[in-house]
Every structure is written in C-alpha cells, then in structure tokens.
C-alpha cells in the first residue's frame with residue numbers, strides 16, 4: 073500500500089475518532105460551565121476558599137466565564153474562572169499580583185502563580201475595567217531587585 077495513502081487514511085480515522093468523542097460528550101449532556109449569577113460564582117468561592125465572604129464590589133464577565141470580587145473586609149480578591157465543566161478559584165492576597173492592566177473593557181491580571189499566570193477578563197464596560205484596575209493596585213507587589221547571581225546569569229546569556 074502507498075505510504076501517502078496510509079497517512080491520509082490515518083488522518084481521516086483520527087478526525088473521525090475525535091468527532092465521535094465530541095458527539096458522545098454532547099449526547100451524554102456535557103456542557104461548558106457558565107456563571108449565570110454572582111451567587112453561583114460565590115458558591116464556588118465558598119466551596120474552595122474557607123471563610124471567604126464576598127463584599128459588595130463584584131463583577132461577572134460579559135461571556136459569563138469569569139467573576140471577580142473583593143472580600144467583605146477587602147483583604148483578598150476572589151477570582152472564579154469557568155474552565156470546562158468546573159471552575160478555577162483563587163483568593164489573592166496583597167502582593168500576589170504581578171501587574172494589573174485595563175484596556176477598554178478588558179482587565180488583565182498577571183499573577184505570581186505558575187498554574188494560572190495570566191487572567192484576561194472582559195467586563196463588558198470600559199469604565200468598569202479601569203475601576204477594577206485602580207482598586208487592585210494595592211494587591212500588586214512591586215518588582216524586587218535582581219540578585220547578583222541573577223544579574224551575572226543575565227549578562228552571561
């Protein structure tokens with residue numbers, strides 16, 4: 073049999089298999105999580121972060137896949153992100169944010185967390201993203217000075 077024909081048949085078989093898995097997931101009722109209300113997002117925070125009490129300052133993203141809020145005592149920022157059929161939850165304390173940027177309706181958070189290094193939230197309204205960026209500046213840790221070893225390594229590279 074021709075090698076190119078074998079590759080084409082393998083590619084068609086792989087595409088068919090992936091399509092079958094997707095259809096099976098749909099038939100079994102698997103759907104992506106949407107955060108329809110603030111209360112639903114807060115339930116994920118209560119489930120995963122012990123003692124977290126959401127305050128009045130909160131926002132859902134326009135696509136209903138993200139939620140951000142300040143804790144009632146403003147000690148932490150609650151973050152809920154819909155991923156697949158579940159949610160990724162973080163409670164950030166002061167110093168756990170590397171940077172906060174607002175551009176239009178988009179709020180971008182850079183975290184000191186290698187499992188979730190960057191979060192982009194489309195808040196839907198221009199002023200809302202800038203307002204959140206201003207609030208979150210107190211949670212941003214100033215960059216530290218590089219050690220001699222880091223400077224030497226950077227110069228030698």
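Residue numbers (our numbering): 73 to 229.
No residue lacks a Cβ here, since even glycine has one placed at the ideal position from N, Cα and C.
At least 8 Å separates the beta-carbon of residue 163 from that of residue 210. By the Cβ-count criterion, residue 102 is exposed, with fewer than 16 other Cβ atoms from all chains shown falling within 10 Å of its own Cβ. The segment 154-161 makes contact with the segment 115-128: 3 or more CB pairs, one atom from each, lie closer than 8 Å. Less than 8 Å separates the beta-carbon of residue 195 from that of residue 133. Ranked by Cα distance from residue 174, the options 199, 189, 183 and 151 are led by 199. Only exposed fits residue 184, as fewer than 16 other CB atoms lie within 10 angstroms of its CB. Listed in chain order, the non-local C-beta contacts of residue 130 below 6 Å within the same chain comprise 110 and 141, local neighbours out to five positions each way being set aside. Nearest in C-alpha terms to residue 126, of all of 136, 114, 135 and 190, is 114. For residue 187, the three-state secondary structure derived from DSSP is coil. In this structure, the beta-carbon distance from residue 144 to residue 179 does not fall below 8 Å.
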